[in-house]
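Undergrad: Under the numbering used here, the residue at position 91 of the sequence shown is numbered 209, and the numbers go up by one with no gaps.
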Amino acid sequence: MQLQERVRMEIPVKPTESEKNLALLVEKIMEPEEIYSEDLGIEKKIVARSKCISSLKKMHYLLRSERILDSARRYLKEGVADKMIVVMLHKQALAAGRISFVSEERESPLGAVKLYIYHDNPHDVIDWLAPPTRKGRPVFERGVPEPDCY
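This is the structure in structure tokens:
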């Protein structure tokens with residue numbers, strides 16, 4: 119059975135990097151159902167996939183504990199394209215267990231981690247991951263926008 123992905127993470131692999139160590143980065147913000155390596159000839163990447171938006175619960179928690187909801191919300195909104203959200207994360211920050219969004223790949227010297235989130239209403243996902251804030255606190259908290267995921 120083919121996995122109907124809702125969340126996809128791609129981590130570029132540089133020649134000096136360990137694929138095993140990079141695969142561990144995934145679990146800093148995501149609970150994947152599948153992780154594999156893709157060799158595209160010129161480049162390699164680690165790919166992690168999940169059929170559930172709720173696989174991003176760790177990211178949901180980190181955005182709050184690091185107090186970066188406003189910044190995250192801005193990057194997530196900028197990344198909306200039709201029924202998808204695409205954002206890039208700083209690879210070294212993720213290795214340290216932190217989330218740092220980047221606007222361009224060159225901002226992450228070892229390559230940016232790409233996160234793709236697919237949903238019929240991406241703004242529901244944004245409201246769950248990074249709700250608007252007032253005085254640094256979420257104005258509301260929404261549940262995971264996926265009643266059909268188990």
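Glycine residues also receive a C-beta, built at the ideal position from the N, C-alpha and C atoms.
Just to confirm the assignment, what range does the beta strand (DSSP E) spanning A248 have?
TA: Your numbering for residue 248 matches position 130 in the sequence shown. A248 -> no beta strand (DSSP E), and no H or E assigned at all.
Undergrad: Inspect the CB distances between the region 156-171 and the region 190-199 and report whether three or more fall short of 8 Å.
TA: Too few Cβ pairs lie closer than 8 Å, so no.
Undergrad: Roughly how far, in whole angstroms, is the beta-carbon of V205 from the beta-carbon of L233, given that I think they are within contact range, below 8 Å?
TA: Position 87 of the sequence shown holds residue 205. Position 115 of the sequence shown holds residue 233. Contact flag correct, Cβ pair sits at about 5 Å.
Undergrad: In whole angstroms, give me the CA-to-CA distance for M177 and I147.
TA: Position 59 of the sequence shown holds residue 177. Position 29 of the sequence shown holds residue 147. Those two C-alpha atoms are separated by around 4 Å.
Undergrad: Between E264 and I171, how many whole angstroms is the CB-CB distance? I'm expecting something under 8 Å.
TA: Mapped onto the sequence shown, residue 264 falls at position 146. Mapped onto the sequence shown, residue 171 falls at position 53. The pair is a contact, with the Cβ atoms about 5 Å apart (cut-off 8 Å).
Undergrad: Within 10 angstroms of the Cβ of H241, are there 16 or more other Cβ atoms? Answer buried if so, exposed if not.
TA: Numbered from 1 along the sequence shown, position 123 holds the residue referred to as residue 241. The residue is exposed, with fewer than 16 neighbouring Cβ atoms inside 10 Å.
Undergrad: With distances taken from CA atoms, which of S221, W246, R124 is nearest E151?
TA: Counting from one through the sequence shown, the residue named residue 151 turns up at place 33. Among S221, W246, R124, the Cα nearest to that of E151 is on R124.
Undergrad: Excluding the 5 residues preceding and the 5 following M119 in the sequence, name in chain order all residues of the same chain whose CB lies nearer than 8 Å to its CB.
TA: The sequence position of residue 119 within the sequence shown is 1, counting from 1. Any answer about M119 is weak, because its pLDDT of 40 lies below 50 and its placement is not dependable; what the coordinates show is given next. Around M119: no qualifying Cβ.
Undergrad: Out of curiosity, what's the CA-to-CA distance linking P256 and I129?
TA: On the sequence shown, position 138 is the one that residue 256 refers to. On the sequence shown, position 11 is the one that residue 129 refers to. Whole-angstrom Cα-Cα distance: 30 Å.
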